[in-house]
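Enquirer: So the protein sequences, as listed, match chains F and Z. Per the working numbering, the very first residue in the first sequence carries number 1; after that it's consecutive. Per the working numbering, the very first residue in the second sequence carries number 1; after that it's consecutive. Beta carbons are placed, not taken as given, at the ideal position from N, Cα and C, and that holds for glycine.
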Amino acid sequence: MPWYLYLAFKQLFPTGRRFPFFTFMSGLGVAVGVMLLVVSTSVMGGFSYEIRRMIVDTQGEIQVVAAGTIDNADEIIARISKVPGVVAATPYAQGTVMLEYRRRPVFPLIQGVDLSRVNRVIPFNRYMLAGSLDNLDDDSVILSSQLAASLGAMVGSKVDIFSPLLLEKSNGDEIQLPRTVRIAGIFEIGHQQLDRSVVIASIRLMQELYGLKDSVHGINVRLAPGADEFKTAAALNAVLPDDRRALTWFESNADFQHIIRFEKYMVAFLLMFIVVVAALSIMSSLLISVVRKTREIGLLGALGGNPRQIAACFCAQGLFLGLAGTAVGLLLAWLMLTFRDQIVQVLARLTVGEEVFRQFYLFAKLPSHTVGSDLVFIIIGAIISSTLAGLVPAWRASRLKPVEALRNE
Amino acid sequence: MSNAAVILSAQGLRKDYLSGDRRIAVLRGVDLEVKAGESVSIRGESGSGKSTLLHLFSGLDAPDAGVVTWAGTPAQPERRALFLGMVFQSFYLIPELDALQNVLMAGRMLGRVGEPERARAASMLAKVGLAERAEHLPSQLSGGERQRVAVARALMNRPQLLLADEPTGNLDEQTGDAVIELLLDLCRETQTALVLVTHNAAHAAKTGRQLFLHEGVLR
């Protein structure tokens, strides 16, 4: 090992000292910065990832939509099923209804699904808490968990549904009775918004409620694993009539996805300043070290060291601190992400309480998804900024003339 | 001694310093030759330019006029680590390294840290009487012990020339005497040329040649 690297290492980890305080404090800043960056980007990435998973699980990777309704759903499904990458497709119709149970009204989103095909596109059974999709027929519905809980309804309970069509007919002095249906099951996706206000019905019931006859609002499309959703959507658009359009899950929720992505980059940008402050702290500590060690620097010159080697000694200290701080930061981030739910529970308990916390956040559990490129960016950024922080003191040290440094008392 | 090779030669060395607008001539034409194995002491008043002269001899500073040669070739910084060793009044040990590693640092500067160099560093520590203190940090050593470590470091690379700048200035009389005896013995034993800058007349008297720097000239 060249003497300047050896000395840099020894100045950070002096012989005979069990706890190198300076090194610990300097590296701690970098570690905290790296930890916060990794945790925040992972959690933000987790939100994005979970939202994608939920969207894809509940509507497939691609949706075929029309300006109005689709009258020839079977013909379109037959056409798009031939496109490479498409595994299955199922029609849907959706809208808002008034649902009443024991004189308590709610206004959920109701989605009608084709019972014979939906399982190949949407894995409902994975999310069923009670009952089963197999029990769903034209006289029953499945409620989301929080909706059922807020109504106090259970599997087997009967609820009344008032559709917009019903209200429209009531305006013409015609007495219209609500459609009474049985609750066939309760599901929970894990997304607060969906679990609070979604009802699943058969597509025939939905067509009846909305007066759609045989029309549907759209078609959900499931792709083969690994199929490129954007390329497949383009291929679907090539075979679809001009008034039908295939949209990927991302395009259907583009605004929301852009907001999440923007938030992720903003949080990363803001937290990057922690690493910058840590780097400035390293610079300040090393500058103090240069001043404190002025005579030693003179000695190194007297022993035969040249200015470049002396500069390398201080620059290497910045690099070592960056490497060590980053490594510790990654370890801390891994620990925080591994135990994130426990940490959030403790925080929630200490502040607003777990129930309130769950009520206001989209997910029951804190999601996390670490993207490799984010990790590489954080690691390289932290190491480069720490090394750059060592450059200023290194430059100062290299400019010291040995004779003047040795005279320094 | 008269047939010995000239290790250090200085001819017509001049050095000026600026003090405000005034130019002060510190050295006004110093001539000196030191042969292998020879010991030379330089005394002078404070501020007479003794340390400046040593810095010119060591190549750490450049003269305004005149030439310094090491064993017949012009002084070059890249040869310094191999050609000469230096001992200072303030010891200048590296506080993060133990005594053995401080001595070995001179070898590291040349990229030599193998087993032979470690053995050499240990033997140098033994020669200065600190074999038992090899793993002690400078902060755990007395002033005299630190200076002995500095002497061992200066002689680690078997230099041809040793420059000592008031090496006893921070030591009590008894310890200072011991350090000077050690320096002279080791230089004699290894035939290393010694230039000793000192205020102490008794220490100067122990060297082979005594010079006095006065008004920028060696006498």
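Among F:Met283, F:Thr326 and F:Leu303, which has the Cα closest to the Cα of glycine 381 of chain F?
Expert: Nearest option by C-alpha distance: F:Thr326.
Enquirer: Quick one: which residues of the stretch 289–303 of chain F get their C-beta closer than 7 Å to a C-beta of chain Z? List them in chain order.
Expert: The residues in question are Arg295, Glu296, Leu299, Gly301, Ala302 and Leu303.
Enquirer: Rank F:Ala268, F:Ser285, F:Pro393 and F:Gln309 by C-alpha distance to the C-alpha of valine 43 of chain F and give the top, closest one.
Expert: Cα-wise, what sits closest to valine 43 of chain F is F:Ala268.
Enquirer: Please work out which residues of its chain come closer than 6 Å, Cβ to Cβ, to valine 290 of chain F, disregarding the five sequence neighbours upstream and downstream, and give them in chain order.
Expert: Hits under 6 Å: Pro393, Arg396 and Ala397.
Enquirer: Taking phenylalanine 455 of chain F as the reference, give the member of F:Thr370, F:Phe13 and F:Trp3 with the closest Cα.
Expert: Any property of residue 455 of chain F remains undetermined from this structure, which presents chain F solely from 1 to 409.
Enquirer: Alpha carbon to alpha carbon, how far is glutamine 317 of chain F from proline 307 of chain F?
Expert: Each residue's alpha carbon lies about 16 Å from the other.
Enquirer: In the DSSP assignment, find the alpha helix (DSSP H) that holds proline 84 of chain F and state where it starts and stops.
Expert: Premise fails: proline 84 of chain F is in no alpha helix (DSSP H) and is neither H nor E.
Enquirer: Could you please give me the residues that DSSP links to threonine 69 of chain Z through a beta bridge?
Expert: In DSSP, threonine 69 of chain Z forms a bridge with Z:Ser9 and Z:Pro74.
Enquirer: Tell me the rounded alpha-carbon separation between glutamate 188 of chain F and tyrosine 49 of chain F.
Expert: Rounded to whole angstroms, glutamate 188 of chain F to tyrosine 49 of chain F spans 18 Å at the Cα level.
Enquirer: Going along chain F, which residues have a C-beta under 7 Å from alanine 106 of chain Z?
Expert: Leu303, listed in chain order.
Enquirer: Return the CA-CA distance between arginine 245 of chain F and serine 252 of chain F, expressed in angstroms with no decimal places.
Expert: Arginine 245 of chain F and serine 252 of chain F: Cα-Cα distance of roughly 11 Å.
Enquirer: Between glycine 304 of chain F and methionine 86 of chain Z, is the Cβ-Cβ spacing less than 8 Å?
Expert: No, they are not a contact pair.
Enquirer: I want to verify the contact list: residues of chain F whose CB lies under 7 Å from the CB of methionine 109 of chain Z, in sequence order.
Expert: Correct list: Trp3, Leu303, Gly304 and Gly305.
Enquirer: Can you check which of these residues, F:Ala149, F:Asp139, F:Gly60 and F:Val106, is closest to alanine 118 of chain F by C-alpha distance?
Expert: Checking the displayed sequence, the identity of residue 118 of chain F turns out to be valine instead of alanine. Nearest C-alpha to valine 118 of chain F: F:Gly60.
Enquirer: I'd like the span of the beta strand (DSSP E) that includes glutamine 210 of chain Z, first residue to last.
Expert: Element bounds for glutamine 210 of chain Z: 209–214.
Enquirer: Which residue's Cα is closest to the Cα of isoleucine 62 of chain F: F:Thr69, F:Val87 and F:Glu75?
Expert: Closest option to isoleucine 62 of chain F, Cα to Cα, is F:Val87.
Enquirer: For proline 225 of chain F, count neighbouring C-beta atoms within 10 Å of its own C-beta (all shown protein chains included) and say buried if the count is 16 or more, exposed if not.
Expert: Classification for proline 225 of chain F: exposed.
Enquirer: Measuring CB atoms only, is the stretch 36–44 of chain Z touching the stretch 87–96 of chain Z, in the sense that at least three cross pairs come out at less than 8 Å?
Expert: Judged by Cβ distances under 8 Å, the stretch 36–44 of chain Z makes no contact with the stretch 87–96 of chain Z, as fewer than three pairs qualify.
Enquirer: I think leucine 205 of chain F touches glycine 112 of chain F, with their Cβ atoms under 8 Å apart; what is that distance to the nearest whole Å?
Expert: About 6 Å separates the two Cβ atoms, so the contact holds.
Enquirer: Return the residue from the list Z:His199, Z:Gly143, Z:Ala122 and Z:Gly114 that minimises the CA-CA distance to methionine 1 of chain F.
Expert: Checked all of Z:His199, Z:Gly143, Z:Ala122 and Z:Gly114; the closest Cα to methionine 1 of chain F is Z:Gly114.
Enquirer: Using a Cβ-Cβ cut-off of less than 8 Å, list which residues of the stretch 307–323 of chain F approach chain Z; keep chain order.
Expert: Those residues of the stretch 307–323 of chain F that come within reach of chain Z (Cβ to Cβ, closer than 8 Å) do not exist; the list is empty.
Enquirer: Which residue wins for smallest C-alpha separation from lysine 213 of chain F, given the options F:Ser368, F:Leu240 and F:Leu165?
Expert: Among F:Ser368, F:Leu240 and F:Leu165, the Cα nearest to that of lysine 213 of chain F is on F:Leu165.
Enquirer: Does DSSP classify aspartate 195 of chain F as helix, strand or coil?
Expert: The answer is helix: DSSP assigns aspartate 195 of chain F an H, G or I state.
Enquirer: List, from N- to C-terminal side, the alpha helix (DSSP H) runs of 4 residues or more that fit wholly inside the stretch 233–298 of chain F.
Expert: Within the stretch 233–298 of chain F, the complete alpha helix (DSSP H) runs of at least 4 residues are 249–252 and 254–292.
Enquirer: Looking at the secondary structure, which residues open and close the alpha helix (DSSP H) in which arginine 148 of chain Z lies?
Expert: Note, arginine 148 of chain Z: alpha helix (DSSP H), 143–155.
Enquirer: Rounded to whole angstroms, what's the CA-CA distance from asparagine 220 of chain F to valine 64 of chain F? Just pull it up for me.
Expert: Going by the C-alpha atoms only, they are around 6 Å apart.
Enquirer: Does the distance from the CB of alanine 204 of chain Z to the CB of valine 149 of chain Z come in under 8 Å?
Expert: No, these two residues do not count as a Cβ contact at 8 Å.
Enquirer: For proline 178 of chain F, which residues in the same chain have their Cβ closer than 8 Å to its Cβ, ignoring the five residues on either side in sequence?
Expert: Closer than 8 Å at Cβ, skipping near neighbours: Glu100, Asp160, Ile161, Phe162 and Leu166.
Enquirer: Using C-beta distances below 6 Å, list every residue in its chain close to alanine 278 of chain F, excluding the 5 sequence neighbours before and after it, in chain order.
Expert: If we look at alanine 278 of chain F and ignore the five residues flanking it on each side, its Cβ neighbours are Gly29, Val30 and Gly33.
Enquirer: Does the contact criterion of 3 or more C-beta pairs under 8 Å hold for the stretch 337–346 of chain F versus the stretch 126–140 of chain Z?
Expert: Too few Cβ pairs lie closer than 8 Å, so no.
Enquirer: Within this structure, are the beta carbons of alanine 93 of chain F and valine 239 of chain F separated by less than 8 Å?
Expert: Cβ distance not < 8 Å, so alanine 93 of chain F and valine 239 of chain F don't count as in contact.
Enquirer: Should tyrosine 92 of chain Z be flagged as near chain F, meaning a C-beta pair shorter than 8 Å?
Expert: For tyrosine 92 of chain Z, the answer is yes, since a Cβ of chain F falls inside 8 Å of its Cβ.
Enquirer: Going by C-alpha distance, which of Z:Ala81, Z:Pro116, Z:Val6 and Z:Leu186 is nearest alanine 220 of chain Z?
Expert: Since the first residue of chain Z shown is 1 and the last is 219, residue 220 of chain Z is not available in this structure.
Enquirer: Just checking: is the beta-carbon of methionine 86 of chain Z within a distance shorter than 8 Å of some beta-carbon in chain F?
Expert: Interface residue, yes.
Enquirer: Could one say the Cβ of alanine 121 of chain Z lies closer than 8 Å to chain F's Cβ atoms, at least one of them?
Expert: Answer no: the Cβ-Cβ gap between alanine 121 of chain Z and chain F never drops below 8 Å.
Enquirer: Give the straight-line distance between the Cα atoms of phenylalanine 250 of chain F and isoleucine 55 of chain F, rounded to the nearest whole angstrom.
Expert: So the two alpha carbons sit approximately 9 Å from each other.
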